[in-house]
Every structure is written in structure tokens, then in C-alpha cells.
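Enquirer:
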Amino acid sequence: MYLHLVPRILHHMKNKCTLMSVSVPELSLELKADSLVAMKPYPNKTYHVGMLKGRRALNGFLVKSPRTLAEFTMITLWEIDGFGEISHTVKTLVQDNDYDLVS
2 MYLHLVPRIL HHMKNKCTLM SVSVPELSLE LKADSLVAMK PYPNKTYHVG MLKGRRALNG
62 FLVKSPRTLA EFTMITLWEI DGFGEISHTV KTLVQDNDYD LVS
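Residues in the sequence shown are numbered consecutively from 2, following the numbering used here.
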């Protein structure tokens, strides 16, 4: 099973926005800031999207799961200059097991 993870934050100000970490506790997956970068791939440049460093500017990234999941949680930690750290938690419920990709 593949998981399409899209860490995203809406930030209207010009302060620097950095993605510090992305984790999925169900898979014991944790990506730190040295392998992540925040970019603006949408026409609306107030959205910052987390991507893998050194890759093309795509919408998020794929993670291969060793097993089928009924639900998973993605926890992202953002740092915004002047505001500090922001934690964003998204819980995803998988309703269809017919395909190998969850987005």
C-alpha cells in the first residue's frame, strides 16, 4: 500500500515557513528537517507544501507501507519566524481497499 502524504499549511504573511518534521506513528516513520523542504507548487502562493529535499517540486511525496492500514495519522511540525512552532495533525480513514494508493 502506498500513502500519498501532503503536509500543507496556509500562511499569508511573508515570514519564513520551515517544515521541521513529518511523522506517521502507525508506521514508525519520522522524517526530519534535513530531508524535507517547504515549497509553493500552487498558483496560490500562500500554501506551503512539504516535499522531499532534492526532488522535483511535486505535491507531497509517496511512502510505501509494509501493510494495509484502515487508518493513519500524519503529524507535521512547522516553524514560522516570529510565531514559533505549529503542530498539525491529520487523521485519515481509509474506506476503500480495492487499490494500493491512498491519497
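Don't be surprised by glycine CBs; every beta carbon is placed ideally from N, CA and C.
Predicted model only: the values in this text are computed from it and were never measured.
At 4 residues or longer, and completely inside the segment 38-84: list those alpha helix (DSSP H) runs for me, N to C.
Expert: Counting only unbroken stretches of 4 or more residues, no alpha helix (DSSP H) element lies wholly within the segment 38-84.
Enquirer: Between P42 and N60, is the Cβ-Cβ spacing less than 7 angstroms?
Expert: Your numbering for residue 42 matches position 41 in the sequence shown. Your numbering for residue 60 matches position 59 in the sequence shown. Yes. Within cutoff.
Enquirer: Going by alpha carbons, who is nearest to V91 out of V64, V25, N16?
Expert: Position 90 of the sequence shown, counted from the first residue, corresponds to residue 91. With distances taken between Cα atoms, V91 lies closest to V25.
Enquirer: Is V38 closer than 7 angstroms to K54 when the C-beta atoms are compared?
Expert: As a first step, residue 54 must be located in the sequence shown, where it is residue number 53. As a first step, residue 38 must be located in the sequence shown, where it is residue number 37. Result yes, Cβ atoms of K54 and V38 sit closer than 7 angstroms.
Enquirer: Return the Cβ separation of N98 and T74 in integer angstroms, given the expectation that the two are a contact with Cβ distance under 8 angstroms.
Expert: Counted from its first residue, the sequence shown places residue 98 at position 97. Counted from its first residue, the sequence shown places residue 74 at position 73. No, N98 and T74 are not in contact; Cβ-Cβ is about 19 angstroms, not under 8 angstroms.
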